[in-house]
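Residue numbers (our numbering), protein chains in the order written: chain A, 1 to 249; chain B, 1 to 150.
For each residue, glycine too, the CB sits at the ideal point set by N, CA and C.
Keep in mind the model is a prediction, meaning the values are calculated, not measured.
Reviewing the structure listed below.
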């Protein structure tokens, strides 16, 4: 694993892979949106409003998945002090926070026509809001230190503590009664959703995942270049300061 | 190598402690995290008119009646039933046999609701499939329960 996590090797590999992943993400998004908005049938209860699901559910899945990946990267950074893992965790936090926001906003827009309310404080909605705050807290902490490594370590611990929220979000609809429905896809006894609606949903989920990989690669490349510039500036400043410091002696 | 090992063990131990602590806290909260009470909960807990609560269940088929803007219906979880009276607009999904969550007070055996929210289940299907299921007799409205037994 360390072989692939070498920054120079990562820059080379990611440059080669990035165009293909980006193209695949764009293509799946187009196909997914076509299937979700034009091909998929309306729901017997919710009518056309059900189409919000094709954005809301993939965003929610990605919000959870990205948090898990971010926590894993933080753990690798904390234990093995791997610089690329620390950077990856920080860059994933931005994307995960965006997915969580999309999930909350689309959920609210869906809740108003279906349930009759924009927001309620039930266990599912509240735990996802906490997930959003965990992402924001992670980012605030990661950028609160002059030295990026110290920020990454402090924020990494917060990310790991927040992992307890993931099973709470997933099982909140089973453990307590909520206004939010129980799981339709990942549940005991198989999906409770018609195949004609499940297929577009899974294509959209793949599109969201490929988008995540694309944006993560771009962000990681930028972060690595930024770090290099920072190191060069520091080295230059030291060289510039060296003669004046040596002068009095 | 040993330092990395030690950090790994510390991390794993901390995560285990955190998991146990969370499980304890959640099991202690238990009942106070529910969004609504089922009619059976209300009967068992003897909740009086002094408390604003939410009740949830299915709108009993055949129980719905409207007079002007006032709506009367009964909320059931199969075991117990509570009559509800409400004045105001109802959400689109509100219908007999469908899940509902009402907020208000229980006064003399009647639940006076100030808010009524619709709740839907995890089933999604095209209208044709739903019709076909109903025609073939495989429709099971009881399974679309908003109020799962606790």
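Within 7 Å of the CB of residue 121 (chain B), the CB atoms of chain A belong to 181, in sequence order along the chain.
Contact check for residue 74 (chain B) against residue 96 (chain B) fails: the beta carbons are separated by 7 Å or more.
Rounded to the nearest whole angstrom, the CA to CA distance from residue 89 (chain B) to residue 119 (chain B) is 15 Å. Between residue 52 (chain A) and residue 110 (chain A), the C-beta gap is smaller than 7 Å, which places the two residues in contact. Shown here for residue 64 (chain A): same chain residues with a beta carbon closer than 8 Å to its own, the five before and five after excluded, namely 131, 166, 169, 170 in chain order. Here the alpha carbons of residue 83 (chain A) and residue 149 (chain A) stand approximately 8 Å from one another. Where residue 30 (chain B) is concerned, there is no enclosing beta strand (DSSP E), because DSSP gives it neither an H nor an E. Each of A:23, A:81, A:54, A:138 was checked against the Cα of residue 5 (chain B), and the nearest Cα belongs to A:81. The straight-line gap separating the alpha-carbon atoms of residue 191 (chain A) and residue 198 (chain A) is approximately 8 Å.
Per the C-alpha coordinates, the member of A:176, A:181, A:155 positioned closest to residue 88 (chain A) is A:155. The C-beta of residue 84 (chain B) comes no closer than 7 Å to any C-beta of chain A. Distances from the alpha-carbon of residue 49 (chain B) to those of B:94, B:104, B:132, B:25 put B:104 closest. Here residue 12 (chain B) is exposed, its C-beta having fewer than 16 other C-beta atoms within 10 Å.
Residue 58 (chain B): not part of any alpha helix (DSSP H); member of the beta strand (DSSP E) spanning 53-59, first to last residue.
Only 192, 193, 194, 196, 197 from the region 190-220 of chain A bring a Cβ to less than 8 Å from some Cβ of chain B.
Look at residue 92 (chain B): its C-beta is under 7 Å from a C-beta on chain A.
Residue 112 (chain A) is not a Cβ neighbour of residue 119 (chain A), given a cutoff of 7 Å.
In this structure residue 91 (chain B) is buried. Its beta-carbon is surrounded by 16 or more other beta-carbon atoms within 10 angstroms. Less than 7 Å divides the Cβ of residue 70 (chain B) from the Cβ of residue 87 (chain B).
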